[in-house]
Each structure stands twice: as structure tokens, then as C-alpha cells.
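Trainee: Structure below; questions to follow.
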Amino acid sequence: MPQIDPIAIRQGDRLALSRALTMIENNAPESRALQSALFPFTGHAHLIGVTGAPGAGKSTLVNQLAMGLRQGKEGQPAPKVAIIAVDPTSPFTGGALLGDRIRMGGLAGDKGIFIRSMASRGVLGGLASHTAAFVTILDSAGFDLIIIETIGAGQAEVGIASLAHTVVVVEAPGMGDDIQAIKAGILEIADIIVVNKADRLGAENTIRALRVMLEMAQGKSGAFDIKGKHGLDALLPTIKEKQKPQPGWIPPIHTTIATEGQGIAPLIEDILRHGEHLAHTGEWQQKEAARLRRDIQALIRNTLLDQWWQKQDENQFEEILADVLQRKYSPLEAVERLL
Amino acid sequence: MTEKRIRVLIAKPGLDGHDRGAKVIARALMDAGMEVIYTGLRQTPEMIAEAALQEDVDVVGLSILSGAHNALVPAIIEKLHSSGLTNIKVFVGGIIPEPDIAGLLDLGVKAVYGPGTDTQTIIADIQHAMQRSSR
Ligand SMILES: Nc1nc2c(ncn2[C@@H]2O[C@H](COP(=O)(O)OP(=O)(O)OP(=O)(O)O)[C@@H](O)[C@H]2O)c(=O)[nH]1
Ligand SMILES: [Mg+2]
């Protein structure tokens, strides 16, 4: 793969930007130097996660949010907005159908917008690290807001949402996914909750149910004793971080009709207000620190593993595996022999 | 450890009102392990080139039923090239009269598929075109 000039990316060369994202997705070794060259120019963008059940209207909402954000505030230049739209990779074929752009036609022709669809590719932990790397590139390219759309199912997805400074959880009436949402821990990570499709029957009920659950969750988190590192807690350290009381921030519930652009302006206001809240309370810095800590830890883990595999004799591994299969010794003892 | 996947943009330029065929192709390519970006109906040449650039696709598949292919395809290829996307492989499917096919191929279109083309043929052609260009 040809080299990409980091300066081209910082100067707004969209082709170079796009190619850089591909390099990252493909785990091309060249992407490492590029990320390192661009990292000093990051830290500026407001990362907004938009998550929720399939079909809740996330893409339609993101289209509206981006259009609204591009209006900017009076007397200020319009912010540049990037969108990362994640859809699942088929575990059977490795292929993916990435259809989020269908709903984002309103953004066509705007050079202040960059939309990239991304397949989850099912790599354990890979999705989160690719998304983080995407954010590095887009941030350094001068995008002021980066919106990340993911379905809120599965731990990897929740992990991505918590990469964001501001997490918007989208629900829709009558989808029966309220219990699901709680299970996935998704309400706990919400900074803002949106009940979309307010034109549909049952919107009132959904709002009421969410209110109750939210109050329960808030009441619970105070008394919740999170012990040790097991189960969900170990997998989702970010949820724990979120459960720390956020002084002065109670997740507001918004209602929208994304297809008609209704309720968008106040939602945008709250998203931006949340960003300011984080900056004022010092939480922005704390989140950055927590995120970078996780990034570095993940990199250490991956690097050590790679290094070990490179030195490891594959035959020896297979022999030991055969022994374990015959119950000669346990996987734990196998590791002791191998390391 | 490069892990390349074939990325395909399936687009419907022009004004024709349904996209069943395009969706069938999109689905088949996905089942063949490709990452397929689908953009919906009524895409202008500008929108197609923009999506192809942002998504960094290897292949653009155009589905055209309206008969406007002789106007649309050159305009799209021109936009792709002026965006710096000179390496992208363009395939066309839909209702294309026999006499028009040679003209489209001359523009650089890799292949033209009529209604009822076996999706396996299209998959094989895309994979073949990608292998040749990676050498
Ligand atoms: N009635 C109504 N329909 C809506 C609204 N918002 C979105 N939709 C429709 O809901 C369907 C799904 O919308 P999307 O925006 O694709 O939903 P999504 O959450 O991005 O879906 P996935 O990415 O597949 O998980 C589309 O047909 C939209 O037109 C709304 O406010 N009211
Ligand atoms: Mg979507």
C-alpha cells in the first residue's frame, strides 16, 4: 500500500483521509506510523455516540443532527462533522451490508461532512481499536464533531459507545426492547435518551417506562456495590465509570420524529451543553485519561501477544494442546509450560 | 497481517423507482464475503462519486433501469476520475440494449449485466478484477 502523507490529511485531502481509514481497517502496518504522526493534533473533537436497537431511527436521527450541527451558532464558523456508521459483519460469510447512508441523503454535497460506513468485522476487541484509530485520524483532519452510530447490542458495541464523550441512546415505541436495553447496560451509559418515532402509538408509554427505569438505575447506582472484576463489570469497566455520580448532569429524555426533523434543535442544544458540562467539571479530561489508559493497555496486550506468537514454536504449541486434550494437564499448566 | 476485504458501492442513479434488483445483488455480494455499501434510490453522479470516495470502495455497481445509461454512466465515470478515483472498477446492471453495451465498455466499464444474470457470475467477475489489480 502506498504511503499517506499526514500533512495531506491535516490539510483536508479527503481521498488521503479515506485511504488512511482503509489502512486502519485492514490492519496495514503502514497505518501505525500515520496514527503516531497525527496523534499530536487530536484531542479537539467532541465524540458523540448514537446507539440503540436496530431500526430505532439512529441513521435518520444522525442525518438530522449533522444537518442541524452544520448550521452552527451565530457568528461562529460552522463546525465540521464526521460520521462513523458501524453495522455488523455476518459471522457466517464475513460480509456486511452497510445501509446507514440510505438515511443520510440530506448531507450529500456538503464538504464539511464526511461519512464512513464500517463493518464490525467481528475481531475481538478489534472494532473498538479500529474505531479509536478512526477517531484519531478524523480528529486530526479537523472534524469538530464525530458522531459514531452503532447498534447497542453486545459488549463490543457498548464499548464503542463509551468511547464517546456524549452517549445518546435512541429508543422507539413498541419495539419491546426496553428490557433488552437494560440487560445490555445501555441505559447506564446514556448521557441523553431519545424516544424517536414520537408519531407512533405508544410513545407516551415508552417515555414513562424509561423514566421509571432511569430513576431505578440512578437510585441503584448509589447503593450499588461494585466488587471485584467478574461478570459484566470486568468486561465493561466503562459502565462503572459512568455510574460514578455525574455532578449536575441528569440524563434528559428527548422525544423526536427524525423523519420530520422534529425535536432536533433542543436535542442538539443538550448534546452541546453536555460537552460544555464535561469541560467545566473536568470530566472531559478524566474521560480522555480513562480512554487513553484503556487504549494503551489494549495495545500492550496485543503487542505482547504478537511478540510471543512470533517467538513461539508452533509445533510445541500443538503438542501441548494434544496433551491437554488427553487431560494430561490443564490449560493453566499448559500456559506455565509455554511462557 | 493485512486483512483486506472487497468493498463495493451499489448505487442507483437516475429516476427509476424501485431497487429490488440492486438489493438482490447487494445481498449476494454480502453473502460472498464482501462489504457492501448501499445508498438507496435516485443518486446523482456527484453523490455516487462522493460516496465512493468517502467509503474508499474498490468497486462501484450501478443499477440502471430507466434507459438513461448513455448519459449517466459517462457522467459518473467522469466524476469518479475527477475525484481521483481512477482505479475503481465500475460494473453496470439493468436494462441496457445490446447496441449500447460496447459504448459502455469503451468508457471503462468492466462488464454489463442484463436482467436475470446469475449473481455467481457477477461475484466471480468482481473477484477476478480485484485479483488482477492487486498484482
Ligand atoms: N414513523 C417514523 N419512522 C421513522 C422515524 N425515524 C426513522 N423512521 C423510520 O424507521 C426506519 C429505520 O430508520 P433508520 O434510521 O434506518 O434506523 P436505524 O436505527 O439507523 O437502523 P439500523 O442502522 O438498521 O439499526 C426507516 O424506515 C425510517 O424512515 C420517526 O421518527 N417516525
Ligand atoms: Mg442505521
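As given, the protein sequences belong to chains W and Y, one line each in that order. Counting from 1, position 6 in the first sequence corresponds to residue 22 in our numbering; the numbering is continuous, with no gaps. Counting from 1, position 54 in the second sequence corresponds to residue 1196 in our numbering; the numbering is continuous, with no gaps. Even for Gly, the Cβ is constructed at its ideal location relative to N, Cα and C. Computed from a predicted model, the values in this text were never measured in an experiment.
#1: At a cut-off of 7 Å, would you count W/Gly65 as near ligand 1, judging by its Cβ distance to the nearest heavy atom?
#2: DSSP three-state label for W/Phe130, please.
#3: Have a look at W/Asp311 and W/Ala295 and give me their C-alpha separation to the nearest angstrom.
#4: Closer than 8 Å, CB to CB, is Y/Val1166 near chain W or not?
#5: If you follow the beta strand (DSSP E) that Y/Glu1197 is in, where does it begin and where does it stop?
#6: Cutting at 7 Å between CB atoms, please list the residues of its own chain near Y/Val1178, excluding the five before and the five after it.
#7: Please confirm whether Y/Lys1221 has its beta-carbon closer than 8 Å to some beta-carbon of chain W.
#8: For W/Thr297, which residues does DSSP report across the bridge?
#9: What residues does ligand 2 have around it, judged by CB closer than 5 Å to any heavy atom, in chain order?
#10: With a threshold of 8 Å between beta-carbons, can W/Ser106 be considered close to chain Y, or not?
#11: Per DSSP, what are the beta-bridge partners of Y/Ile1179 in this structure?
#12: When you compare the CB positions of W/Glu187 and W/Lys74, do they come within less than 8 Å of one another, or not?
#13: Considering only the beta carbon of each residue, do W/Ile163 and W/Leu37 sit closer than 8 Å?
#14: So, is Y/Glu1220 buried or exposed, given that buried needs 16 or more other C-beta atoms within 10 angstroms?
#15: Could you tell me if Y/His1211 is buried or exposed, where buried requires 16 or more neighbouring beta carbons within 10 angstroms of its beta carbon?
#16: Is DSSP giving Y/Leu1246 helix, strand or coil here?
#17: Closer than 8 Å by C-beta to W/Ile336: which residues in its own chain qualify, once you throw out the five before and the five after it? Chain order, please.
#18: Report buried or exposed for W/Phe108, applying the criterion of at least 16 other Cβ atoms within 10 angstroms of its Cβ.
#19: Which partner residues does Y/Thr1261 have in the DSSP bridge list?
#20: Closer than 7 Å: is that where the CB of W/Thr275 sits relative to any heavy atom of ligand 1?
#21: By DSSP's criteria, W/His356 is part of a beta bridge. Which residues make up the other side?
#22: Between W/Leu54 and W/Asp160, what straight-line distance do the alpha-carbon atoms span, to the nearest angstrom?
#23: If we count Cβ pairs, one from each stretch, closer than 8 Å, do we get three or more for the stretch 1184-1193 of chain Y versus the stretch 1231-1248 of chain Y?
#24: Is the beta carbon of W/Lys213 within less than 7 Å of some heavy atom of ligand 1?
#25: Apart from the five residues just before and just after W/Ile280, which ones in its own chain have a Cβ nearer than 7 Å to its Cβ?
#26: Is DSSP giving Y/Leu1157 helix, strand or coil here?
#27: Using a Cβ-Cβ distance under 8 Å, would W/Ser237 count as near chain Y?
#28: Looking at ligand 1, does it come within less than 7 Å of W/Ile284, judged from the CB to the closest heavy atom?
#29: Taking C-beta pairs closer than 7 Å, name the residues in chain W that Y/Thr1181 reaches, listed in chain order.
#30: For W/Thr152, does the count of other Cβ atoms within 10 angstroms reach 16, so buried, or fall short, so exposed?
#31: Would you say W/Glu231 reaches chain Y, if we count a Cβ-Cβ gap shorter than 8 Å as a contact?
#32: Taking Y/Phe1233 as part of the alpha helix (DSSP H), name the residues at either end of that continuous run.
#33: Please work out which residues of its chain come closer than 8 Å, Cβ to Cβ, to Y/Lys1154, disregarding the five sequence neighbours upstream and downstream, and give them in chain order.
#34: Considering only residues of the same chain and omitting the five flanking positions on each side of Y/Glu1188, which have a CB-CB separation below 8 Å?
#35: Counting contacts by CB-CB distance shorter than 8 Å, is Y/Ala1153 in contact with chain W?
#36: Could you check which residue in Y/Thr1228, Y/Val1201, Y/Gln1196, Y/Pro1257 has the C-alpha nearest to that of Y/Met1176?
Mentor: Working from what's here:
#1: Here residue 65 of chain W refers to the residue found at position 49 of the first sequence. Flag unset: Cβ of W/Gly65 not near ligand 1.
#2: Within the first sequence, residue 130 of chain W is the residue found at index 114, counting from 1. Of the three classes helix, strand and coil, the one that applies to W/Phe130 here is strand, per DSSP.
#3: Residue mapping note: residue 311 of chain W aligns to position 295 of the first sequence, counting from 1. Residue mapping note: residue 295 of chain W aligns to position 279 of the first sequence, counting from 1. Looking at the two C-alpha atoms, the distance is approximately 21 Å.
#4: As a working note, residue 1166 of chain Y is residue 24 in the second sequence. Chain W contact via Cβ: absent.
#5: On the second sequence, position 55 is the one that residue 1197 of chain Y refers to. Annotation for Y/Glu1197: no beta strand (DSSP E) segment contains it, though the alpha helix (DSSP H) segment containing it runs 1187-1197.
#6: Reading the second sequence from its first residue, position 36 is the one you call residue 1178 of chain Y. Val1150, Ile1152, Ala1168, Leu1171, Met1172.
#7: For the purposes of this step, residue 1221 of chain Y is taken as the residue at position 79 of the second sequence. For Y/Lys1221, no Cβ of chain W is located within less than 8 Å of the residue's own Cβ.
#8: Translated into positions along the first sequence, residue 297 of chain W becomes position 281. According to DSSP, which records beta bridges pairwise, W/Thr297 is partnered with nothing at all.
#9: Listed along the chain, these residues meet the criterion: W/Lys74, W/Ser75, W/Asp116.
#10: Working through the first sequence from its first residue, we reach residue 106 of chain W at position 90. By this cut-off, W/Ser106 is an interface position.
#11: Mapped onto the second sequence, residue 1179 of chain Y falls at position 37. Under DSSP, Y/Ile1179 forms a beta bridge with W/Leu114, Y/Leu1151.
#12: On the first sequence, position 171 is the one that residue 187 of chain W refers to. On the first sequence, position 58 is the one that residue 74 of chain W refers to. Not a contact, by the Cβ cut-off of 8 Å.
#13: Within the first sequence, the letter at position 147 stands for residue 163 of chain W. Within the first sequence, the letter at position 21 stands for residue 37 of chain W. No.
#14: Start at 1 with the first residue of the second sequence, and residue 1220 of chain Y comes out as number 78. Only exposed fits Y/Glu1220, as fewer than 16 other CB atoms lie within 10 angstroms of its CB.
#15: Locating residue 1211 of chain Y in the second sequence gives position 69, where the first residue counts as 1. By the neighbour-count rule (16 or more Cβ atoms within 10 Å), Y/His1211 is buried.
#16: On the second sequence, position 104 is the one that residue 1246 of chain Y refers to. Helix.
#17: Within the first sequence, residue 336 of chain W is the residue found at index 320, counting from 1. Around W/Ile336, the same chain offers Ala350, Arg353, Leu354 as residues with beta carbons nearer than 8 Å, after the five sequence neighbours per side are excluded.
#18: What you label residue 108 of chain W is simply residue 92 of the first sequence in a count that begins at 1. Exposed.
#19: Counting from one through the second sequence, the residue named residue 1261 of chain Y turns up at place 119. None, per the DSSP bridge assignment.
#20: Taking the first residue of the first sequence as 1, we reach residue 275 of chain W at position 259. Correct: W/Thr275 has its Cβ closer than 7 Å to ligand 1.
#21: Any answer about residue 356 of chain W is impossible in this case: the structure gives chain W only from 17 up to 355.
#22: What you label residue 54 of chain W is simply residue 38 of the first sequence in a count that begins at 1. What you label residue 160 of chain W is simply residue 144 of the first sequence in a count that begins at 1. Within the model, the alpha-carbon separation for W/Leu54 versus W/Asp160 is close to 15 Å.
#23: In this structure the stretch 1184-1193 of chain Y does not lie against the stretch 1231-1248 of chain Y, because fewer than three pairs of beta carbons, one per stretch, are closer than 8 Å.
#24: In the first sequence, counting from the first residue as 1, residue 213 of chain W sits at position 197. Within the chosen limit of 7 Å, ligand 1 reaches the beta carbon of W/Lys213 through at least one heavy atom.
#25: Within the first sequence, numbered from 1, the residue matching residue 280 of chain W stands at position 264. Counting only Cβ-Cβ distances below 7 Å, and skipping sequence neighbours, we find Gln80, Leu81, Gly84, Thr272.
#26: As a position in the second sequence, residue 1157 of chain Y is number 15, starting the count at 1. It is coil, neither helix nor strand.
#27: Walking along the first sequence from the start, residue 237 of chain W turns up at place 221. Annotation note: pLDDT 49 at W/Ser237 (below 50); position unreliable, no value reported.
#28: As a first step, residue 284 of chain W is located in the first sequence; it is residue number 268 there, counting from the start. False, no ligand heavy atom lies under 7 Å from that Cβ.
#29: For the purposes of this step, residue 1181 of chain Y is identified with residue 39 of the second sequence, where counting begins at 1. Contact of Y/Thr1181 with chain W by beta-carbon distance below 7 Å involves Arg117, Ile118.
#30: The sequence position of residue 152 of chain W within the first sequence is 136, counting from 1. Counting Cβ neighbours within 10 Å, W/Thr152 comes out buried, since at least 16 surround it.
#31: Position 215 of the first sequence holds residue 231 of chain W. By this cut-off, W/Glu231 is not an interface position.
#32: Along the second sequence, read from residue 1 onward, the residue named residue 1233 of chain Y stands at position 91. Where Y/Phe1233 is concerned, there is no enclosing alpha helix (DSSP H), although the beta strand (DSSP E) it sits in stretches over 1231-1236.
#33: In the second sequence, residue 1154 of chain Y corresponds to position 12, counting from 1. Around Y/Lys1154: Asp1161, Ala1164, Thr1181, Gly1182, Leu1183, Arg1184, Gln1185, Leu1204, Ser1205, Ile1206.
#34: Start at 1 with the first residue of the second sequence, and residue 1188 of chain Y comes out as number 46. Excluding sequence neighbours, Y/Glu1188 sits near Lys1221.
#35: Taking the second sequence and counting its residues from 1, the one referred to as residue 1153 of chain Y is at position 11. Nearest CB-CB separation between Y/Ala1153 and chain W: not below the 8 Å threshold.
#36: As a working mapping, residue 1176 of chain Y is identified with position 34 in the second sequence. Considering only alpha carbons, the answer is Y/Val1201.
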